[in-house]
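Participant: In this note's numbering, the protein residues as written are -7 to 147.
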Amino acid sequence: MVSATSGVAPARMRVCQRCGQIYQPTARCQKYCGRQKERGSCSWQENKEKTRIWLAEHRDEIRAYQKQWTQDNRARVRQRERVKTLAQYGISLDDYEIMLSSQNGGCAICKKEPRPGRHLDVDHDHVDGRVRGLLCLTCNAALGMIESEWLAKAM
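As structure tokens, this is what we get:
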């Protein structure tokens, strides 16, 4: 084994920049210092604490920036939320577009196109989660009421 004073570490080992000791990096901390082990902390934890303090001191600035960014990037925010919503049903935005074109751009039941700025809802089976089609808000709500009435009568 090479000594810490030579400054050369074997493979998969590191030399601490503070104390010069050779150490094996952990999954969380790449800058572990042997001297700090006795104290039960490492630089990763120190940085975590510094970050927590900085975030607490700048909370209002961060919130103002996030609010302004959201207002400036509304289209991106809506797109990201749409992708997340579709992912809950196991479909992508491309899958949605394919389904929409196969339904000629309209609701699967009433065939009406959505109003400008709106989208069709994903109709799915609540038992097995299978996607059945795309519905307008009215048809989706009506179908939900019908299904809940049938379930209530069945019980």
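The C-beta atom is built at its ideal place from N, Cα and C for all residues, glycine as well. These figures come from a predicted structure and were not determined experimentally.
Can you tell me the Cα-Cα spacing of residue 72 and residue 65, whole angstroms?
Facilitator: 11 angstroms
Participant: Quick one: using the 10 Å Cβ neighbour count with 16 as the cut-off for buried, is residue 114 buried or exposed?
Facilitator: buried
Participant: Would you mind listing the alpha helix (DSSP H) stretches within the stretch 52 to 94 that are 4+ residues and don't spill past its ends, in chain order?
Facilitator: Listed in chain order, they are 66 to 80 and 85 to 94.
Participant: Express the C-alpha separation of residue 58 and residue 42 in angstroms, rounding to a whole number.
Facilitator: 21 angstroms
Participant: In the DSSP assignment, find the beta strand (DSSP E) that holds residue 116 and state where it starts and stops.
Facilitator: 113 to 116
Participant: Three Cβ pairs or more, each shorter than 8 angstroms: is that satisfied between the stretch 126 to 133 and the stretch 90 to 106?
Facilitator: yes
Participant: Whose C-alpha, out of 107, 110, 74 and 87, is nearest the C-alpha of residue 125?
Facilitator: Out of 107, 110, 74 and 87, 87 has the C-alpha closest to the C-alpha of residue 125.
Participant: Identify whether residue 122 lies in helix, strand or coil by the three-state DSSP scheme.
Facilitator: Under the three-state reduction of DSSP, residue 122 is assigned to coil, being neither helix nor strand.
Participant: Just the Cα atoms here: how many angstroms apart are residue 50 and residue 67?
Facilitator: 27 angstroms
Participant: For residue 82, tell me which candidate among 62, 103, 63 and 120 has the shortest Cα-Cα distance.
Facilitator: 120
Participant: Within 10 angstroms of its Cβ, does residue 85 collect 16 or more other Cβ (buried), or is it exposed?
Facilitator: exposed
Participant: Determine the contact status of residue 62 and residue 69, defining contact as a CB-CB distance below 7 angstroms.
Facilitator: yes
Participant: Express the C-alpha separation of residue 60 and residue 95 in angstroms, rounding to a whole number.
Facilitator: 38 angstroms
Participant: Alpha carbons only, please: which of 54, 112, 139 and 135 is nearest the one belonging to residue 90?
Facilitator: 112
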